[in-house]
Amino acid sequence: MRIGRAFHIKIVPEDLTEPYTFKVTMRRLIIGGVVLSVLMILLGALVVNSAVDEIKLAKLGYLERQNKEMTEKMKKVGELKYELGRMNGLVSDIQEMLGERVESEGGTTEVESSGEEVTTGMSTMLPEGGIFDELRDFVDRYSGFMMLAPVGNPVGGGWISRGFGSVISGEVEHKGIDIAVPEGTEVRSTMCGRVIFAGWDEVYGNMVLVVNCVNGYSTMYGHNSELMVNAGDYVNEGDVIALSGNTGESTAPHLHYEVRYFGVSIDPKDFIEW
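Mapping to the numbering used here: the sequence shown position 58 is 59, numbers consecutive.
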């Protein structure tokens with residue numbers, strides 16, 4: 002079909018009066034079609050980009066809520082443990098005030114001044130219900146769970162050179178924290194669990210990943226100079242698992258440390274300060 006060929010388009014009004022006639026060349030039709038296609042592509046790209054941004058914002062909001070809820074739970078557990086300790090101290094004070102002898106219906110009965118039996122016996126003297134029973138029940142249910150959570154600084158010091166969630170020079174969101182320490186610093190596991198990966202990673206260099214299948218926590222330690230464990234090893238909290246270094250995509254000696262809860266990255270700083 003020739004580019005210069007023209008078409009005449011007639012538009013006839015409803016009252017059948019003189020029609021309107023338009024002349025359109027093939028060249029203009031092609032140009033118009035190309036312009037329309039480009040506009041449709043740009044519009045589609047704009048819609049897709051907007052949808053992606055909304056998904057990212059929704060995910061970020063979810064992670065922030067999860068992080069806030071986890072921090073509040075840990076804070077509450079700490080407060081309850083403190084209150085329970087204070088209550089137990091009060092029990093001991095009462096026992097000391099009573100002395101080593103307690104009058105009973107049949108005479109006097111010797112009471113030991115220490116040990117689990119005394120604590121158990123004195124706790125029965127407290128009224129049923131109330132804040133004491135609530136605190137004891139809460140800690141009984143959650144203390145074992147929280148003892149398995151990652152706690153403390155894996156290198157025992159240093160300073161945080163890059164925080165959680167930061168973005169530098171258009172890079173992806175930082176899913177952990179960077180702790181600046183001298184190369185060769187002992188890296189200790191912050192929780193007990195199974196080592197499911199200990200080896201080389203293109204980004205994090207010599208890396209260790211520890212998972213606790215009981216409560217869903219996992220911790221990751223990157224940029225190490227030397228690994229002290231192998232995949233499949235079981236480690237306890239405080240075990241040396243690596244020596245810090247400057248491997249992988251790193252510009253200075255430091256430890257990249259991550260904490261995840263069922264695969265969702267959360268701020269490790271909350272666990273270091275807990």
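Just so it is clear, CB atoms sit at the ideal spot from N, CA and C, and this is done for glycine as well.
Note that the coordinates shown come from a computational prediction; the quantities given were computed from them, not determined experimentally.
The Cβ-Cβ distance between residue 188 and residue 243 falls below 7 Å.
Secondary structure note for residue 202: its beta strand (DSSP E) is the uninterrupted segment 194-202. The beta carbon of residue 186 is closer than 6 Å to those of 156, 245 in its chain, skipping five residues each way along the sequence.
Contact between the segment 254-272 and the segment 59-69 is established, with three or more Cβ pairs separated by less than 8 Å.
Taking the C-beta atoms as reference points, residue 181 is found nearer than 7 Å to residue 255. Our two residues, residue 27 and residue 19, have alpha carbons roughly 25 Å apart in a direct line. Residue 61 has its alpha-carbon roughly 28 Å from the corresponding atom of residue 194. When DSSP states are grouped into helix, strand and coil, residue 24 belongs to the strand group. Pairing residue 247 with residue 184 gives a Cβ-Cβ distance under 7 Å. No Cβ-Cβ contact shorter than 7 Å links residue 21 with residue 32.
The shortest CA-to-CA distance from residue 209 to any of 234, 217, 216 is the one to 234. Between the alpha carbons of residue 41 and residue 205 lies a gap of roughly 42 Å. In this structure, 230 is the residue among 201, 224, 230, 249 with its C-alpha nearest to the C-alpha of residue 211. For residue 165, the number of other beta carbons within 10 angstroms of its own is at least 16, and it is reported as buried.
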